[in-house]
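Undergrad: Just dropping this structure here.
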Amino acid sequence: MMARQASIASIELNHQKVRAKQEISRRNHVEHSRLLPEHRIAEMYGDLSQGSFSEILNTTLGGVSRPITAEDLIEFDRKRHRLDSKYKEGVTAEFVINKSRAIDRTRASKEIPWAQPVAASYLPSRGSLVITFITAASGKYNETKHYVNVEFTAFGSITKHLINLEPKKQAEIDAKQLKTSLLKFDCDCGRHTFWYRYIATIGGFAYVGTNPLARKETAYPKIRNPNLHGIACKHVLRVMQTIQKNAGFHKFLVKAILKQYQVKDKTKIVKTQTTRRQMERHIAKMQVENGDILSEQEQKIAATLFSRYRQTLSNPTPTRFRKDRKNAQQKLNVLSALHQVEAQIRQNKTGEE
Numbered sequence: 308m309m310a311r312q313a314s315i316a317s318i319e320l321n322h323q324k325v326r327a328k329q330e331i332s333r334r335n336h337v338e339h340s341r342l343l344p345e346h347r348i349a350e351m352y353g354d355l356s357q358g359s360f361s362e363i364l365n366t367t368l369g370g371v372s373r374p375i376t377a378e379d380l381i382e383f384d385r386k387r388h389r390l391d392s393k394y395k396e397g398v399t400a401e402f403v404i405n406k407s408r409a410i411d412r413t414r415a416s417k418e419i420p421w422a423q424p425v426a427a428s429y430l431p432s433r434g435s436l437v438i439t440f441i442t443a444a445s446g447k448y449n450e451t452k453h454y455v456n457v458e459f460t461a462f463g464s465i466t467k468h469l470i471n472l473e474p475k476k477q478a479e480i481d482a483k484q485l486k487t488s489l490l491k492f493d494c495d496c497g498r499h500t501f502w503y504r505y506i507a508t509i510g511g512f513a514y515v516g517t518n519p520l521a522r523k524e525t526a527y528p529k530i531r532n533p534n535l536h537g538i539a540c541k542h543v544l545r546v547m548q549t550i551q552k553n554a555g556f557h558k559f560l561v562k563a564i565l566k567q568y569q570v571k572d573k574t575k576i577v578k579t580q581t582t583r584r585q586m587e588r589h590i591a592k593m594q595v596e597n598g599d600i601l602s603e604q605e606q607k608i609a610a611t612l613f614s615r616y617r618q619t620l621s622n623p624t625p626t627r628f629r630k631d632r633k634n635a636q637q638k639l640n641v642l643s644a645l646h647q648v649e650a651q652i653r654q655n656k657t658g659e660e
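Under the numbering used here, the first residue of the sequence shown is numbered 308, with each subsequent residue one higher.
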C-alpha cells in the first residue's frame with residue numbers, strides 16, 4: 308500500500324514525459340505538413356526572388372493582422388532590448404504576480420483552484436532546486452491538468468551552512484528565504500508556449516530542463532503577443548501564489564531542505580516526492596482555502612474599498628447612507644471576484660440581518 312502511494316510522483320513525472328513526446332510529435336507533424344513544394348509556393352506567392360518574404364509574414368502589432376513591415380522589425384527589436392534590460396536572471400513569485408496581466412489573474416482565480424508540488428530535485432551542477440507542480444486545468448481544451456516546473460536558483464547558496472546545530476529550525480528559516488528568492492519557470496500550456504516563453508527567455512527566467520518542452524524560445528511572438536505584454540499564464544500564477552502562501556508547499560519545501568542537509572555527497576542529485584495521500588489531502592484543502600490571485604496594487608485597492616464600505620454601514624443619515632453605500636457597492640462590484648472581500652461583505656450582511 309505504501310509503495311503504491313509513494314509512486315504517484317513517478318507516475319506524474321512519467322506522464323509529463325509522455326505528454327512532452329506527444330507534443331513534439333504533433334509539432335513535427337504540423338511543421339512537416341506546412342512544407343510546400345516549390346510549384347505550390349510559386350502559385351500562392353509568385354516569384355519571391357523578385358519580392359520580399361515580408362509579404363507572406365503577418366503580425367497583429369497594432370491590433371490588426373497585417374503584413375510585417377521594416378518598421379515592425381525595428382519595433383520588435385526595440386521591445387526585445389527593452390525587455391532584456393528589465394529582468395536579470397530570475398524573478399520572484401511576488402514579481403510574477405504583480406507584473407502579470409489582469410485577465411490572467413482573473414482566469415487563475417476562477418479556473419485554476421489548486422497547484423500541487425509532486426517532486427523536487429536538487430541539481431548540484433546548477434546549485435538549484437527544481438520543483439515540478441501539477442495544476443488543475445480549465446477544461447476548455449480537453450486537458451485535465453498541466454505541469455509547471457519552477458527552479459529556485461539560489462537553493463544551493465541559501466541552504467549551505469558551515470555549522471547547522473538545529474537543522475529543523477534552520478530549514479524553516481531557509482524555506483522562508485527561498486520563497487522570496489529568484490526563480491525560473493516553465494509551463495506546458497499553450498498560453499505560456501505562444502505568449503510568454505519568449506518573454507521568459509529574453510528576460511533570463513525561462514526554466515530549461517531535460518524535458519524538451521522546457522526550452523528557450525527565440526521566435527518573436529509576432530502574432531499572439533507582439534507588444535510583449537504580461538509575464539505568466541494562469542497555471543503559473545496559481546503556482547506562484549502557492550509558493551507565497553500555501554502551508555502545504557512550505558512543508559514540502561522544508562522536507563526537501565532537510566533531505567539536502569542529510570546528504571553527505573553534495574554532488575549527488577537529491578529527490579523529494581509527494582505521496583498520493585498527501586497530494587489528495589493537499590488538493591482538497593486548496594480547493595476550499597485558496598482565494599483570488601491579486602497584485603500588490605489590487606490588494607491595496609481591495610482593502611481601501613472594503614474600509615469605505617464598512618464606513619457606510621455606520622452612517623447615521625439614511626439618505627446619505629443609501630447613496631454612499633450604493634457608490635461603495637458599485638466600486639466593490641468591480642472587484643466582485645475578490646474572495647476575501649466577498650467573504651467579509653457576506654459576514655457583514657449576515658450581521659445586519
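Glycine residues also receive a C-beta, built at the ideal position from the N, C-alpha and C atoms.
Using a beta-carbon distance below 8 Å, is E418 in contact with chain C?
TA: The chain inventory of the structure shown lacks chain C, comprising one protein chain alone.
Undergrad: DSSP state of Y454, grouped into three classes?
TA: Strand.
Undergrad: In this structure, how does DSSP classify T413 when only helix, strand and coil are distinguished?
TA: In this structure, T413 counts as helix in the three-state DSSP scheme.
Undergrad: For T582, which of helix, strand or coil comes out of DSSP?
TA: Three-state DSSP puts T582 in coil, outside helix and strand.
Undergrad: Hey, which unbroken runs of the alpha helix (DSSP H) at 4 residues or more fall wholly within the segment 514-577?
TA: Listed in chain order, they are 541-552 and 554-569.
Undergrad: From S602 to I576, what does the alpha carbon distance come to, in whole angstroms?
TA: Going by the C-alpha atoms only, they are around 35 Å apart.
Undergrad: Since Q423 sits in a beta bridge, which residues does DSSP pair it with?
TA: Beta-bridge pairing links Q423 to I441.
Undergrad: In the DSSP assignment, the beta strand (DSSP E) including F492 goes from what residue to what residue?
TA: Element bounds for F492: L490 to C494.
Undergrad: Using only CA atoms, which one of T574, Y527 and K447 lies nearest to E418?
TA: Ranking the options by Cα distance to E418, first place goes to K447.
Undergrad: Within the same chain, show all residues whose beta-carbon is closer than 6 Å to that of Q323, passing over the 5 residues directly before and after it, in chain order.
TA: Excluding residues within five positions, the ones whose Cβ falls inside 6 Å are Y454.
Undergrad: Helix, strand or coil: how does DSSP classify L472 here?
TA: Correct three-state label for L472: coil.
Undergrad: Using the DSSP secondary-structure output, state which residues sit across from S676 in a beta bridge.
TA: This structure leaves residue 676 out entirely; the chain is present only between 308 and 660.
Undergrad: What are the boundary residues of the alpha helix (DSSP H) that includes S464?
TA: Where S464 is concerned, the enclosing alpha helix (DSSP H) stretches over F462 to I465.
Undergrad: Assign F459 to one of three DSSP states: helix, strand, or coil.
TA: Three-state DSSP puts F459 in a strand.
Undergrad: Relative to the C-alpha of R433, which residue among F462, W421 and I538 is closest?
TA: The option with the nearest alpha carbon to R433 is F462.
Undergrad: How many angstroms separate the CA atom of L472 from the CA atom of K483?
TA: Their Cα atoms are separated by approximately 19 Å.
Undergrad: Check whether the Cβ atoms of I600 and L560 lie closer than 8 Å to each other.
TA: No; because the gap between Cβ atoms is not below 8 Å, this pair is not in contact.
Undergrad: Beta-carbon within less than 6 Å of Q357's beta-carbon, same chain only, minus the 5 sequence neighbours each way: which residues are those?
TA: Only weak support exists for where Q357 lies, its pLDDT of 46 falling under 50; the coordinates are left without a value.
Undergrad: Can you tell me which of F501, Q585, C540 and I441 puts its alpha carbon nearest to the alpha carbon of S416?
TA: If we check each option's Cα against that of S416, C540 comes out closest.
Undergrad: Closest to N321 by C-alpha separation, out of T517, L436 and N532, would be which residue?
TA: Of T517, L436 and N532, the residue nearest in Cα terms is T517.
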